[in-house]
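S.K.: With the working numbering, the residue at position 83 of the sequence shown is 70, and numbering never jumps.
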Amino acid sequence: MARRPSRHAVKKLAVERCETETAQTFEKVFEVDLQNREGRLQTERHQVNLKAKYLKFTLLGGYAEFATVNRVSVVGAALDGDDGPDNATSSGGGH
-12 MARRPSRHAV
-2 KKLAVERCET
8 ETAQTFEKVF
18 EVDLQNREGR
28 LQTERHQVNL
38 KAKYLKFTLL
48 GGYAEFATVN
58 RVSVVGAALD
68 GDDGPDNATS
78 SGGGH
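Laid out in structure tokens, this is it:
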């Protein structure tokens, strides 16, 4: 039985944020339902204005038994008093 790549796509994704050092309490930023792209790469772009120390990405559903996220990019600016550069970009990829 052959499986097409679109069967491993994310159906629903949630993004949450946390402002504290301990990363114990998260607040939902948004949820999104993604279209099944029939084997093509799913690409989503969301512009939000928020303050966060941590971000959590949760896959809430998929079009098949397994779903993957291959890359996440976050662009932002460090607030006064934070350790880090004035402008920060973070990008992560999974396998």
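Glycine included, each C-beta is placed from N, C-alpha and C at the ideal position.
What are the boundary residues of the beta strand (DSSP E) that includes Tyr41?
M.R.: For the purposes of this step, residue 41 is taken as residue 54 along the sequence shown, with counting starting at 1. First-last of the beta strand (DSSP E) with Tyr41: Tyr41 to Gly49.
S.K.: So what does DSSP say about Lys38, is it helix, strand or coil?
M.R.: Here residue 38 is taken as the residue at index 51 of the sequence shown, counted from 1. The answer is coil: DSSP assigns Lys38 none of H, G, I, E or B.
S.K.: Which partner residues of Ala1 appear in the DSSP bridge assignment?
M.R.: Here residue 1 refers to the residue found at position 14 of the sequence shown. According to DSSP, which records beta bridges pairwise, Ala1 is partnered with Glu18 and Thr45.
S.K.: Report all residues from its chain with a CB closer than 8 Å to the CB of Leu21; omit the five preceding and five following residues, and keep chain order.
M.R.: Reading the sequence shown from its first residue, position 34 is the one you call residue 21. Closer than 8 Å at Cβ, skipping near neighbours: Ala(-4), Val(-3), Lys(-2), Lys(-1), Leu0, Gln29 and Glu31.
S.K.: Identify whether Arg27 lies in helix, strand or coil by the three-state DSSP scheme.
M.R.: In the sequence shown, the residue the question calls residue 27 occupies position 40. Coil.
S.K.: Sorted by chain position, which residues of the same chain lie with C-beta nearer than 6 Å to Leu42's C-beta, five sequence neighbours on each side aside?
M.R.: As a first step, residue 42 must be located in the sequence shown, where it is residue number 55. The answer, listed in chain order, is Arg4.
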